[in-house]
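Residue numbers (our numbering), protein chains in the order written: chain Z, 1 to 254; chain R, 1001 to 1254; chain E, 2001 to 2254; chain G, 3001 to 3254.
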């Protein structure tokens, strides 16, 4: 196998789809959001990306049928908006691999006509977020793109996130910009301890405004309720009312 | 030395041997099973595979005679069934190495006429298995192969093993399928704490039914008894009857 | 992206600038010193160096504007002295990467006419340094260069630093010498626990003497005062007078 | 710099020197023994080997004069015996690097006429060795070489060392044999906790018999006494007579 192999599954006619990246990361916010788009709009699988940078692994689905781990591009028509959504279960294994793999992802997006890229992710706050006030933080390569997003409610804060943006999301922005993409990261605030469907919803609400589509959130809301039940049970077990579960317990849930 | 070097030791006439992989893994189930086939049917060493992905190491045998660590293919005639059995002491050292090495293993199998591949391994249950009820779990690339194996008693369960199948076994299935092999993983249930000859026996009993051969299990039964004595002694030392040895003790045994 | 990409931003006329390296390391002494030169003398950005050896990361600055992480060469006219100053946020990720990246840095320096190289860094003493007696330790490839530096007050001690000089600084000396640079490491003594602007100042005072320029230290002195306030507060919280903060606290500050 | 660079320092006339490898390892036994040969017989430096597999590091010697870390071959005339002795401060950084580097070492040895190779090292026993009874363990690629060594007092034990022989020493034997060297590992028994000059002496006494030369041991005996003093002091501090120092203390010494 080559280091990266791209398998063409379908070749839909596209004009200028917006590239949306949602690989695993903090709170799985980006992944949840991207997968929700694919499911709600019944996206078409267009590319599978296999790479030696992913773990040597098959994932097992229904009836023990397994497939080699890979990332997937789906073509999604969201009302009028055309999206090219990247999802998967892994990031790359090495620094160099991150650069190579993101380069390959941008090649695919470019070849299908994308000129605009959104990397979706989460930004950890270190504490549970109260009252459903999930801010969406942004990072861009140029101030012009930033102004448009700020109008849609995206927050831009000096030097935040403090540690920069790491992984494929960071490179979709950094390498994408160098290749001429109008690129941005959108990051839902999240505790960092939990898989966070509410943060994913906040992220998608922002994206709706920016790209002008509308998506149903019932499924994400169901998943958010499940998460809350689990957190509630742990709090009960601690014999406490509002006591926050410990980090260890929360990680367990995640 | 090249990254992978394959040394031809013998070139038997083969028609369409079944490729059986049994490298080290959970409970050494796959390795025990594969080595048992080579020993019982007096297999012929046909290939040595050296690779820079293995540790820089010689293994020392009788009288201090050492050899460079490598994996081995043996050609095995098991009653009427022709097998090409891969054994060794190591998996690869890196993600990329796993892909390259499994590719090389499949090259060898293909060049000797194999079209069907079984990756043997263990699946950890986290607890000692009672009453010798060792289920054999399966994973396949297509449902047809699955149906045949299910008839032989292999269990197929949705999303199990939960973490997927990792390492050379996973790739024999995942890469093998992509290259046209009819590939399956067979995994003996095992605690995950012990070298488990009983699980290896259960695995081979299933394989017997699938491939229609019969093998003597006396040696595996002896090894199983030895393991039981060791576990028994530890339980005694704990002053307990049925008390399960702690994880640390069990690892020590493994 | 190639493993290393060098982007030319400006091409000033240079005669024989002195190459000054100040990447992150012990106490960030080299980085603070190099950045101070660029700021005080209003250096011109001449090269950006991108590499897959750096983390897959964008750094976020004002208003959420991000850029792909990279190292920078600035051309600095310091009174009469011409300097080519290398700064950045990262070292390489692997042994091999350190060698390749330092080779590329030396290529740039050579192409701009540099024949002399100073790698700036810190040497950890393990204890807070009292009374502002910050020695500057030197290492050179030949004794002649050492004699000149010793006249400027640089200390040379047998077998110090004991563990050798590791990272880009070590290789600027080691590889630089092999390529014909007159190369030296200058290392400010520092506790090793704190970002240390005072050690950076001591380093620059020595460099001033060697290269015959004069720089204003007000900014470094301000940063040193800030650091002292933080250390003071921690000591207060410990209810102690002269009690040294614990290693953990100091690391937190760093 | 290339991955491996070999610098020719001298080109003495050799007939068929014996290749002796003594890089760092258990108890530094091999390194001590090899360095002792170079010093006592006033060896001639013939090759420097630089490689990106070594740490990115310069080592600092007298007066702060530093040099890029490397391995060295010395040509040694020991009475009538011609030796080509490899010493250095590091092993390789990766599995693949070990294979490549050992291959390069064997290239050098071959090019200077060597046909016989001894890899020197230590084998850990886990306990301090009493009464100066330091056995020397051997491993060989063929039983013939083993017989000769056994006559010189080398012990050969089935499956020992249990974990095989890892690192450059293992590969000098494993790769050397595959290239036609008559190769052996000689391993001095040592606790594994201490730099062990006594074990190095035992190793050299055996090598003397095999290769028919005689070396003065005064220096190694002095170093052994220094080690004993240190161990003695620790035992005193523990307020004990014959109490063995704890593993942590011993490591500290090493």
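The beta carbon of each residue, even a glycine, is placed where N, CA and C say it ideally should be.
Own chain partners of residue i with C-beta closer than 6 angstroms, once the 5 adjacent residues on each side are dropped
i, result
"residue 31/Z", "22 and 24"
"residue 1209/R", "1152"
"residue 1213/R", "1078, 1079 and 1081"
"residue 3004/G", "3051 and 3104"
Residue i Cβ short of 8 angstroms to the ligand SAH heavy atom set
i, result
"residue 1084/R", "Although the ligand SAH was asked about, the structure shown includes no ligands whatsoever."
Own chain partners of residue i with C-beta closer than 7 angstroms, once the 5 adjacent residues on each side are dropped
i, result
"residue 1068/R", "1050 and 1058"
"residue 3243/G", "A caution first: residue 3243/G carries a pLDDT of 48, below 50, which makes its placement in the model unreliable, though a value can still be read off. Around residue 3243/G: 3235."
"residue 14/Z", "75, 82, 112 and 113"
"residue 199/Z", "27, 29, 122, 134, 188, 189 and 190"
"residue 2138/E", "2146, 2149, 2154, 2155, 2156, 2184, 2185 and 2186"
"residue 3255/G", "The displayed coordinates of chain G run from 3001 to 3254. Any statement about residue 3255/G would go beyond what the structure contains."
"residue 3178/G", "none"
"residue 2109/E", "2019, 2084 and 2117"
"residue 2206/E", "2136, 2152, 2153, 2154 and 2186"
"residue 2176/E", "2106, 2117 and 2183"
Nearest neighbour of residue i, chosen from the options [CA to CA]
i, options, result
"residue 1181/R", "1040/R, 1171/R and 1187/R", "1171/R"
"residue 1105/R", "1134/R, 1071/R, 1125/R and 1130/R", "1071/R"
"residue 2218/E", "2036/E, 2048/E, 2084/E and 2161/E", "2036/E"
"residue 1136/R", "1002/R, 1124/R and 1016/R", "1124/R"
"residue 129/Z", "233/Z, 224/Z and 16/Z", "224/Z"
"residue 94/Z", "2052/E, 2233/E and 2090/E", "2052/E"
"residue 158/Z", "2004/E, 2005/E, 2062/E and 2017/E", "2062/E"
"residue 1192/R", "1222/R, 1229/R and 1126/R", "1126/R"
"residue 2215/E", "2144/E, 2042/E, 2004/E and 2005/E", "2042/E"
"residue 3017/G", "3226/G, 3211/G and 3222/G", "3211/G"
Residue environment, residue i, which counts as buried when at least 16 other CB atoms sit within 10 Å
i, result
"residue 2262/E", "Residue 2262/E lies beyond the residue range present for chain E, which begins at 2001 and ends at 2254; the question has no answer from this structure."
"residue 2012/E", "exposed"
"residue 3045/G", "exposed"
"residue 10/Z", "exposed"
"residue 3132/G", "exposed"
"residue 1174/R", "buried"
"residue 2096/E", "buried"
"residue 1040/R", "buried"
"residue 3232/G", "exposed"
"residue 2247/E", "With a pLDDT of 48 at residue 2247/E, under the threshold of 50, the predicted position of this residue should be treated as unreliable, and no value is reported."
"residue 196/Z", "buried"
"residue 2245/E", "Unreliable positioning characterises residue 2245/E in this predicted model, as indicated by a pLDDT of 49, which lies under 50. A coordinate reading is not provided."
"residue 251/Z", "Summary for residue 251/Z: the model assigns pLDDT 44, below 50, so the residue's position carries little reliability; its value from the coordinates is reported in the next sentence. Exposed."
Nearest-angstrom Cβ-Cβ length linking residue i and residue j, presumed shorter than 8 angstroms
i, j, result
"residue 87/Z", "residue 38/Z", "6 angstroms"
"residue 3007/G", "residue 3048/G", "4 angstroms"
"residue 1064/R", "residue 3140/G", "6 angstroms"
"residue 1201/R", "residue 1220/R", "5 angstroms"
"residue 1098/R", "residue 56/Z", "3 angstroms"
"residue 204/Z", "residue 33/Z", "5 angstroms"
Contact with chain C by residue i, beta-carbon distance below 9 angstroms
i, result
"residue 1100/R", "No chain C is part of this structure, whose protein chains are labelled Z, R, E and G."
Residues of its chain near residue i, where Cβ-Cβ distance is below 8 angstroms and the 5 sequence neighbours each way are ignored
i, result
"residue 1160/R", "1123 and 1137"
"residue 3168/G", "3021, 3023, 3091, 3092, 3098, 3101, 3102, 3105 and 3119"
"residue 2001/E", "2050 and 2052"
"residue 2249/E", "With a pLDDT of 47 at residue 2249/E, under the threshold of 50, the modelled position of this residue cannot be trusted, and the question is left open."
"residue 3115/G", "3016, 3180, 3181 and 3182"
Self-check item: beta strand (DSSP E) segments (min. 3 residues) lying fully within the segment 1076-1145 of chain R
Solution: 1081-1087, 1116-1124 and 1136-1140
Quiz item: Taking the runs of the beta strand (DSSP E) that are 3 residues or longer, which of them lie wholly in the segment 171-202 of chain Z?
Solution: 182-190
Quiz item: Which runs of the alpha helix (DSSP H) fall wholly inside the segment 1001-1088 of chain R and span at least 4 residues, in chain order?
Solution: 1029-1040
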